[in-house]
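Structure, as structure tokens:
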Amino acid sequence: MKKYIDLFNSYVDKFDINNEMIKRKYYHSLHVMEIELELAKFMNLSNEEVELAGLCGLLHDIGRFKQVYEYNTFDDFKSINHGVLGLSILTDMNYINLYTKNEEWKNIILKSTINHNKTFIDSDLTEKEKVFVNLTRDADKLDIFEIVIEDMKFNSVDGFIKDSIYNRLYNLEFDYEIPDNELDRYGFYISLLLDINYKRTYEIILEKNYLNRLIDKIINSNPQEKNRLEVIREKLDKYIKEKVM
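This note's numbering numbers the first residue of the sequence shown as 518 and each following residue consecutively.
This is how it looks when you write it as structure tokens:
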């Protein structure tokens, strides 16, 4: 993967790596690549397919750097969809050709980039495309959980997660929704646990205790939500454990 990382570094060098937002997405991209490589190996994909999976992970968030440069935010609703921007960057002047000349690989990388942050993936994907798109989505979320739990500062927010988000969590339903406040955003992070594709990903979620660590951190920032979050903890714990049986 070194040749791909070197190319990626050359792209990121165009931006200010001392900017904390740029730095965060740089390391996130590397971590997602590493996670996706491991997931692909666990699935016994061929060596070439494992390499392709790692490349999908490395490039999935390439739109974030330009998003930060132009808008100074990661909020797609306030700026531009970073998956769409990533697709544009990869296809602009055939930048993707620097990474691969293989047309099938290019197509899969582009499909993974544009689909990694959608609520629902495109309905016309082939079975092979779905494998790489879903690997990218799972790897992305595993690192997001780590970032949220370890790095992000949870601000105390009075009140409660809005009912529409809470009810979907209670009913084990996943959907994106614009948050009204930070507490809603934390509820959204919990909901990502419902948008996982592979058994191995759920095993890692259990091994790393992401559900409990995430909910405990939210409760610490907002004790008012403790009772409702304990209900969600119980329901999601059962749901995740059933996924690994």
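Cβ atoms here follow ideal geometry from the backbone N, Cα and C, with glycine treated the same way.
Sequence-distant residues of the same chain with beta carbon closer than 8 Å to Asn-589, five excluded per side: If we look at Asn-589 and ignore the five residues flanking it on each side, its Cβ neighbours are Met-538.
Looking only at its chain, what residues have a beta carbon closer than 6 Å to the beta carbon of Tyr-727, apart from the 5 residues adjacent to it on each side? The answer, listed in chain order, is Phe-662.
Could you check whether the region 542 to 557 touches the region 700 to 707, counting it as contact only if at least three pairs of C-beta atoms, one from each stretch, sit closer than 8 Å? Segments in contact, no.
Does the structure place the region 734 to 751 close enough to the region 682 to 690 that three or more beta carbon pairs sit under 8 Å? Segments in contact, yes.
Does Asn-672 come out as helix, strand or coil in the three-state DSSP assignment? DSSP, reduced to helix, strand and coil, places Asn-672 outside both helices and strands of the structure shown, so it counts as coil.
Reducing DSSP to helix, strand and coil, say where Lys-628 ends up. Lys-628: helix per DSSP, three-state reduction.
Going by alpha carbons, who is nearest to Ile-606 out of Ser-596, Asn-624, Ile-579, Glu-620? Residue Ile-579 is the option with its Cα nearest to Ile-606.
Taking just the CA atoms, how far does Leu-604 sit from Leu-627? For Leu-627 and Leu-604, the distance between alpha carbons rounds to 6 Å.
Have a look at Ser-695 and Asp-592 and give me their C-alpha separation to the nearest angstrom. For clarity, residue 695 is Ile in the given sequence; the question names Ser instead. If you take the alpha carbons of Ile-695 and Asp-592, they lie about 10 Å apart.
Let me know if Ile-678 comes out buried or exposed under the rule of 16 or more other beta-carbons within 10 Å of its beta-carbon. Burial of Ile-678 is indicated by the presence of at least 16 other C-beta atoms within 10 angstroms of its C-beta.
If you compare alpha carbons, which of Arg-745, Phe-594, Asn-651, Asn-688 is closest to Ala-557? In terms of CA proximity to Ala-557, Asn-651 leads the group Arg-745, Phe-594, Asn-651, Asn-688.
Less than 8 Å between the C-beta atoms of Gly-571 and Glu-587, yes or no? Using a Cβ distance threshold of 8 Å, Gly-571 and Glu-587 do not count as a contacting pair.
Can you give me the Cβ contacts of Ser-673 inside the same chain, cut-off strictly under 6 Å, excluding the 5 residues immediately before and after it? When the five nearest sequence neighbours on each side are left out, the beta carbons in the same chain lying within less than 6 Å of the beta carbon of Ser-673 are those of Ser-738, in order along the chain.
With respect to the alpha helix (DSSP H) encompassing Ile-661, which residues constitute its N-terminal and C-terminal limits? Unbroken alpha helix (DSSP H) run through Ile-661: 644 to 667.
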